[in-house]
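Asker: Below are the C-alpha cells for one structure; questions will follow.
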Amino acid sequence: MTNPCFRYDILKEYVPSLNEHAQVLVKRLKEETDKDFTRISRLLSHYAFDVAFEFVMGAHMRAQESRTEPEFLYATKRIFSLMSRRTTNILLWPDFIFNRAKSGKEVKKHIATVKAQARSMVQEEKQKYLEGELKFSEDGKKRSLLNMLLEHHLQMQDFSEEDIIEELITFIVAVFNQFLCSSFHPSFECLFKYK
C-alpha cells in the first residue's frame with residue numbers, strides 16, 4: 001500500500017512497526033465486538049495516521065491508543081473534508097471566493113495547525129543534531145523521512161526548514177490517503193495515486 005510513497009527496501013525496515021500498529025488495531029477491534037455498531041472508519045484512520053506519522057516523522061503519535069483525536073489528525077481530516085466539499089460546490093471553486101468563505105477560513109486555520117506542529121518537530125529534531133544527540137546515520141540504519149531531509153538540509157543547505165515542512169506534510173497526506181483509501185476498498189486506491 002505504501003509502495004507509491006516509499007521504496008521496498010525502506011519499507012522492510014518498518015515491518016516491525018507496521019506489525020505493532022496492526023496489533024493495536026486488532027486489540028481495538030476486539031474491544032468493539034461487544035457493541036451493536038462500530039464506526040470502523042475512525043479506527044482505520046487512527047491506524048493509518050499512526051503508520052504515516054511514524055514513516056514520515058519517525059515519532060509515535062499513538063492516535064489508536066488515545067481516546068481523543070490528536071490535533072494534527074483532526075486538522076488533517078477536517079482539511080480533507082472541507083476540500084472534498086469544495087470540489088462538489090462550483091461556487092467555491094474560485095480561490096477568491098473560497099478563501100473568504102467560512103470553510104476556506106477553517107481550512108486556513110487547520111493548515112496553520114498542521115504546519116505549526118510539523119515546524120515544532122523539525123526544530124526539535126534539528127536541535128538534537130546540532131547538540132550532538134543525533135548523529136548523521138550510516139547506511140542500513142532505519143531513518144524517518146524527517147531525519148533524511150534534516151541531514152540533507154544540514155549537510156547541503158540547499159533547501160530551507162520550510163521546504164522540509166512542506167515535504168513532510170505532503171508525505172504524511174500521501175501515506176495517510178494511501179492507507180486509508182486502500183483500507184476501505186481497493187478500488188478507492190486509484191483515486192489517490194501519486195506519480
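Using our numbering, the first residue of the sequence shown is number 1, and each one after it goes up by one.
Ideal Cβ placement from N, Cα and C applies to all residues, glycine included.
Which same chain residues end up closer than 8 Å to Asn99 when comparing Cβ atoms and leaving out the 5 residues on each side of it in sequence?
Answerer: Lys105, Lys108
Asker: Could you please give the first and the last residue of the uninterrupted alpha helix (DSSP H) stretch that includes Thr87?
Answerer: 71-88
Asker: Can you tell me which of the three DSSP states Phe37 falls into?
Answerer: coil
Asker: If contacts are defined as beta-carbon pairs under 8 Å, then Glu167 and Leu149 qualify, I think. What distance do you get, rounded to the angstrom?
Answerer: 6 Å
Asker: Residues in the same chain with beta-carbon distance under 6 Å from Gln117, minus the five sequence neighbours each way, listed in chain order, please.
Answerer: Phe72
Asker: Compute the distance between the beta-carbons of Glu161 and His153, then report whether it is under 9 Å.
Answerer: yes
Asker: From which residue to which residue does the alpha helix (DSSP H) around Arg28 run?
Answerer: Unbroken alpha helix (DSSP H) run through Arg28: 15-31.
Asker: Contact check, Leu146 vs Met121 under 8 Å by CB: the rounded distance?
Answerer: 7 Å
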